[in-house]
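Reviewing the structure listed below.
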Amino acid sequence: MVGMSLLRPYLRQVIRLPLQKRLLLEGQKVSVRNAGHESKMVIIPTRYEWTKFKNDLHFYVLLGLVPMGLLITYANMFVGPAELSEIPEGYEPQEYEYYQSPIKRWLAKYLFEEPMKEYERSLHTLYVEGEHRYWNMLYKKVKILMKDRLDYRGWYWVDSDKSIMDLQREMKEYNERYIGNK
């Protein structure tokens, strides 16, 4: 193979030169340039981003769907749905034991919150919002009464920013620790 590639330029000259000489002697035009007559490399817009997106999409979809499909198939074929049975005396079932599918039971046990916790959390949120609403309403009522009675702001405390109070307490602790009480 190496010998053939070394002989290629010489074989071209042996084959082409006699043809070119004959055409020159006959008076015809001879193309000296040994290039092609059309462009061989077509310039097109890039499809790199689309191809990369498509490949990543296929990869991650298959990365998620294949294991999930295998897990669901295994759970439905070999484990099966839950069946009702008698509850022993004194046993209180957990919340996740009420679901029929083993996948739903696992999700309810390890990933989702218990319904009672969610309910109590929402009640606490409602309580806090109710307190804010009550104190805002009371504050507005006091402002209206002060305006109606031509009263002044007669609070018994000074409004201050909590962050300033925290900084003052930290500086006091710092001074006591490193400088000492003065």
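Residues in the sequence shown are numbered consecutively from 1, following UniProt numbering. Just so it is clear, CB atoms sit at the ideal spot from N, CA and C, and this is done for glycine as well. Note that the structure is a prediction, hence the values are computed from the model and not measured.
Asked	Found
Backbone CA spacing between Q100 and E83 [nearest angstrom]	8 Å
Beta-carbon proximity check, A108 vs E95, cutoff 8 Å	yes
R105, buried or exposed, once every other Cβ within 10 Å from all chains shown has been counted against 16	buried
Runs of alpha helix (DSSP H) lying entirely within the region 84–135, each at least 4 residues, in chain order	102–110
Contact check, V66 vs P102, beta carbons under 8 Å	no
Beta-carbon gap between P93 and I87 smaller than 8 Å	yes
Through-space distance from I179 to M165, alpha-carbon basis	20 Å
Range of the contiguous alpha helix (DSSP H) that encloses K66	For clarity, residue 66 is Val in the given sequence; the question names Lys instead. Y48 to Y74 is the span of the alpha helix (DSSP H), which, as asked, contains V66.
Separation of K54 from Y60, as counted between CA atoms	10 Å
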